[in-house]
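> Just so you know, the protein sequences line up as chains R and D, in that order.
Residue numbers are given in our numbering: position 155 of the first sequence equals residue 178, and the series is strictly consecutive.
Residue numbers are given in our numbering: position 291 of the second sequence equals residue 292, and the series is strictly consecutive.
For every residue, glycine included, the Cβ atom is placed at its ideal position computed from N, Cα and C.
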Amino acid sequence: MTQSFIPRTYRRRNRTVKLEELGNWVAINDPADNDTQPAAAPELPAASAKPRGHAPAPAPQRAAKARPRAMAPAADSIRNLVDEAAQVCFDTLEASGWRFEQRGEATQRAASQDQAKVYINEFGNIVLGTNRLTVKFPSETPYEAAKSMLARFGCTILKALPFGEEMYEIEITDPKQGDSIDVASKLIASGLFEFAEPSLIETVSNRQ
Amino acid sequence: MKWTFKLRGKPVAMTLVEGAVAVRPIPPPESTESAPRRGAKAAPRRGAKSPPKRAAVPAAKWAAEFGTKAKDDSGTGSFGIALPATHRKLFEKAGWQFVSPKPTIARAMTEGLKRQTAKARRGGADAIRPVLIDPSGGLNILTDRATVALPPDLSLAEAKKRLKRDGLKPLAQLAFAKNTFEVLLPDDAPAYESINHLQDQGDYLYIEPSILQPITGRMRPTDPRYTSQWQHANRGANGGVAGADIRSEIAWDITRGQTPDGRAIRIAVIDNGFHVHHPDLKEGIVGGGHFRSGASGWADFIRFRPGDIGFPTSNHGTFCLGMAGARMNNDRGGCGSAPESALIPIACLDDQVGTQTTLARAIAFAADPSKEDPSIPAAEGADVISASLGPNGPDWLLSSVLEQAILFATTKGRGGLGTPIFWAVSNGAFAVNRDEICSHPSVIAVGRSNRSDLQDGSAFGPELEFLAPGRDVYSTSGRFGFDSSSGSSFAAPLAAGVAALTLATHQDWTAAQLREHLRACCDKIGGVPYDANGHHPDYGYGRINAARAVTRQSP
């Protein structure tokens, strides 16, 4: 099967960020596979956030015990497409409940499974797409005006981010608008936003 | 007013505090023998006689005779100048009171010692003395005495004759050097004028004022594994270099993370998780929270209250938290650089996967928790933030939302003074600027040094702020334990603790002032040439120095 590496770009802090989308692959976070993971769709409208209490979380040491999923054949295949540096990303993502499947196989699965696009960033690390973005309007943009502007792009406000003026976490509710990178480009092109950036899931280790 | 005099032939400039005097009331007879003297070097008593014993001075009479007593320990109080409260308390234990003098007392301070003594006795005190602030910000009291040395070839009679000529009354001859005396200064002038006059005259090998200053025992923790913590006091063990440390013990003489009025400086440590019930940490934890990431990329916030269970755990976060604020003198392990600070563990990306929005919220929460949970007052935000998270490898892009959070914390935190953010640089020998978070101008990028006071291979470049010990350092680990480990991860919270000590003594400083001060207080280690700004790509501004940070008065 021919592998598809799709060049993607978006604007981040006044510069263009380049990604490569692994078009044949999706990342899946299936609650049935990992009962410690909350159910929410990365590239589909997500469930509203609600407190879950302090159930034991998959801390790195504990999560590492769930590694057998990393041995799934599909994951091994996608690992062959990336450099050695990205292998650690796969380890971490798989430990946190993500697995990787060919797009055709994945689309045959139940719709309840959470699927995310898979990207390689410019440093060779794996990042996952979500259907969310962070946006900032110019100062003193009223909330209602912000809402209606976002509606034109098929987006709704999920939460205000109160450490910046008129800054919001939004989600794409109209799939026809495209994925979060498509929508970010449209929002920036509209000139209505100070910034609009896709929320990408990345691996962040520690500096021990 | 500045007063410059010579010590060992070199000029020393002190501030003569014009708005304050030190008064030592004569204690009531029953307490004369037990008058506390700890903490300050007691002034030699005049002659061999005890001072007249009188009843304690009633408060009203005190005010009428001398002026208004100091009431607060912080800020400028009623003096128009800050009196370092830690020192002030030591003097007060030794029987001194600090007073904003009424006009007649203030005038007497400029007229001469005889007049000062008369005023003191009339008010029921045995001394009124000028207050000095030394170059490091320490509080001192100028006495009416001096130490004077005459040429050794003079006979005793000739020496005494010269003293008499200059109005100096010998109180004691010091046995360890010939013709060296403790003398009473002339009573027709203030002590500082007499010292200047006699030093200018040049007839003595030296004549130096007797100044009362706090001299306390050096704080050395009793924690059983403290000796493993070379980061605080390196005595040269295990191949290290004695003194290659952050000078914690000297700093702890001044503060261990609490302000003079007892408020614990709050340190937020952001990491994957923490053993919040670790016995060497739990007493210090006052709040915190957990941002629990979901597959959507969004994280739910769960507030942590001391005693809650189920917080995500991580040895790394536990180690970091201990580097900053593990408790002191509790018979467990070692201690952090600010062992009496208040700790705020914030867990996010607990499976090391998540979005920068989550990290941004964690930083904003640290600086102002009301932004995440309106039920928590903004005032419960951290004074200092430390983070040691980062991707594998040297490269990290900064998102706009995380930048917004960084700017928010560093400008709006601490009620608008700004909450400084210390961030561990990458452990590899890469340029710091490949990491857009650490190299952001509002982030203080911390690298690691080793026990020989050399850089230890962490990221370098003009954005590197300074180094702190991070190789084979000892801290809290696991649910109950302790361990040694290495990483710039651990240098950052150690430095954050030093920042907490500094803010404990300078609560009104902005984040920018604090940063400038910490830079200026670094030791220029490594034997390398630093540039005109005092920076070296591998060492930043040097290795952080806690002692200098809490004692020096800049900016």
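1) Thinking just about the alpha-carbon of each residue, which of D:Asp351, D:Asp127, D:Thr358 and D:Glu209 is nearest to the one in D:Ile407?
2) Let me see if you follow: with CB-CB separation under 8 angstroms, is R:Asp202 close to chain D or not?
3) Check R:Pro91 in the structure and name its three-state DSSP category.
4) Please check if any C-beta of chain R sits within less than 8 angstroms of the C-beta of D:Asp532.
5) Does R:Met190 get closer than 8 angstroms to chain D when you measure Cβ to Cβ?
6) Thinking C-alpha only, which one of D:Pro215, D:Asn273 and D:Ala343 is nearest D:Gln259?
7) What ranges does the beta strand (DSSP E) occupy inside the segment 360 to 408 of chain D, keeping only unbroken runs of at least 3 residues that lie completely in it?
8) Give the interface partners of D:His317 over in chain R, defined as CB-CB distance under 7 angstroms, in chain order.
9) Counting only beta-carbon atoms, is R:Val141 nearer than 8 angstroms to chain D?
10) Leaving aside the five residues before and after D:Glu284 along the sequence, list all residues of the same chain whose C-beta is less than 7 angstroms from its C-beta, in chain order.
11) Within 8 angstroms (strictly less), CB to CB, does D:Pro378 reach chain B?
12) Rank D:Ser297, D:Ala380 and D:Ala388 by C-alpha distance to the C-alpha of D:Ile347 and give the top, closest one.
13) Which bits of chain D does R:Leu45 rub up against, with CB to CB less than 8 angstroms?
14) Do you know whose CA, among D:Ala121, D:Asp396, D:Phe6 and D:Asn393, lies nearest D:Ala65's CA?
15) Rounded to whole angstroms, what is the Cα-Cα separation between R:Trp121 and R:Ile224?
16) When DSSP builds the beta bridges, which residues end up paired with R:Gly152?
17) In chain order, which alpha helix (DSSP H) runs of at least 4 residues are fully inside the segment 470 to 550 of chain D?
18) Tell me, please, which residues DSSP counts as bridged to D:Met2.
19) Taking Cβ positions, are R:Thr153 and D:Val354 nearer each other than 8 angstroms?
20) Let me see if you follow: with CB-CB separation under 8 angstroms, is R:Thr157 close to chain D or not?
21) List, in chain order, every chain D residue whose beta-carbon is nearer than 7 angstroms to that of R:Ser222.
22) Over the uninterrupted alpha helix (DSSP H) stretch that includes D:Gln456, give me the two end residues.
23) What three-state label does DSSP hand R:Thr32 in the structure shown?
24) By alpha-carbon positions, which one of D:Ala460, D:Ile303, D:Glu19 and D:Arg257 ends up nearest to D:Lys3?
25) Skipping 5 residues on each side, what residues in its chain have a beta carbon closer than 7 angstroms to that of D:Pro45?
26) In the DSSP assignment, what are the bridge partners of D:Phe431?
27) Name, please, each residue of chain R whose Cβ falls closer than 9 angstroms to the Cβ of D:Gly394.
28) Within its chain, find whatever has a CB closer than 6 angstroms to the CB of R:Val40; leave out the 5 residues flanking it on each side and keep chain order.
29) Do you know how far the Cα of R:Ile149 is from the Cα of D:Gly391?
30) For D:Thr477 and chain R, any beta-carbon pair shorter than 8 angstroms?
31) Name the DSSP bridge partner or partners of D:Gln98?
32) Is R:Leu184 buried or exposed, if buried means 16 or more other CB atoms sit within 10 Å of its CB?
33) Output, in sequence order along the chain, the residues in the segment 385 to 410 of chain D whose CB is closer than 7 angstroms to any CB in chain R.
34) At the 8 angstroms Cβ level, is D:Asp484 part of the contact set with chain R, yes or no?
35) Quick check: the Cα distance between D:Met324 and D:Ser315, rounded to an integer number of angstroms?
36) Taking D:Thr5 as the reference, which of D:His198, D:Ile247 and D:Thr111 has the closest Cα?
Taking the coordinates as given:
1) Looking at the Cα atoms, D:Thr358 is the closest of the given residues.
2) For R:Asp202, the answer is no, since every Cβ of chain D falls outside 8 angstroms of its Cβ.
3) Residue placement at R:Pro91 is poorly supported in this model, since its pLDDT is 38, which falls under 50; the coordinates are not used for a value here.
4) By this cut-off, D:Asp532 is not an interface position.
5) Yes, R:Met190 lies at the interface with chain D (some Cβ there is under 8 angstroms from its Cβ).
6) Cα-wise, what sits closest to D:Gln259 is D:Ala343.
7) Within the segment 360 to 408 of chain D, the complete beta strand (DSSP E) segments of 3 residues or longer fall at 385 to 388, listed in chain order.
8) Residues of chain R whose Cβ lies closer than 7 angstroms to the Cβ of D:His317 are, in chain order, Asn229 and Gln231.
9) Chain D, which has no Cβ nearer than 8 angstroms to the Cβ of R:Val141, makes this no.
10) Closer than 7 angstroms at the Cβ level, and outside the excluded window around D:Glu284, lie Arg328.
11) Given the protein chain composition of this structure (R and D), no chain B is represented.
12) Answer by Cα proximity: D:Ala388.
13) Result: empty, since nearest Cβ-Cβ is about 17 angstroms, beyond 8 angstroms.
14) Between D:Ala65 and the set D:Ala121, D:Asp396, D:Phe6 and D:Asn393, the nearest pair of CA atoms involves D:Ala121.
15) So the alpha carbons of these two residues sit roughly 11 angstroms apart.
16) In the DSSP output, where bridge partners are listed per residue, R:Gly152 has R:Leu223.
17) Whole alpha helix (DSSP H) segments, 4+ residues: 489 to 506 and 512 to 521.
18) The partner list for D:Met2 (beta bridge, DSSP) is empty, contrary to what the question assumes.
19) It is not a contact, given that the beta carbons lie outside the stated cut-off.
20) Interface residue, yes.
21) Residues of chain D with a Cβ closer than 7 angstroms to the Cβ of R:Ser222 are, in chain order, Gly298, Thr356 and Thr358.
22) Secondary structure note for D:Gln456: it is in no alpha helix (DSSP H), with a DSSP letter that is neither H nor E.
23) R:Thr32 falls in the strand class under three-state DSSP.
24) In terms of Cα proximity to D:Lys3, the closest of D:Ala460, D:Ile303, D:Glu19 and D:Arg257 is D:Glu19.
25) With a pLDDT of 39 at D:Pro45, under the threshold of 50, the modelled position of this residue cannot be trusted; read the value that follows with caution. Arg146, Leu172 and Glu183, listed in sequence order.
26) The partner list for D:Phe431 (beta bridge, DSSP) is empty, contrary to what the question assumes.
27) Those within 9 angstroms of D:Gly394 in chain R are Ala108, Val111, Phe146, Gly147 and Asn148.
28) Excluding residues within five positions, the ones whose Cβ falls inside 6 angstroms are Tyr33.
29) Taking the straight line joining both Cα atoms gives about 14 angstroms.
30) So, not an interface residue.
31) Answer is D:Val24.
32) Its Cβ being crowded by 16 or more others within 10 Å, R:Leu184 is buried.
33) Listed by position along the chain: Ser389, Leu390, Gly391, Pro392, Asn393, Gly394, Asp396, Leu398, Leu399, Ser400, Ser401, Val402, Glu404, Gln405, Ala406 and Phe409.
34) It does not; no Cβ of chain R falls within 8 angstroms.
35) C-alpha separation (whole angstroms): 14 angstroms.
36) Ranked by how close their Cα comes to the Cα of D:Thr5, the residues D:His198, D:Ile247 and D:Thr111 have D:His198 in first place.
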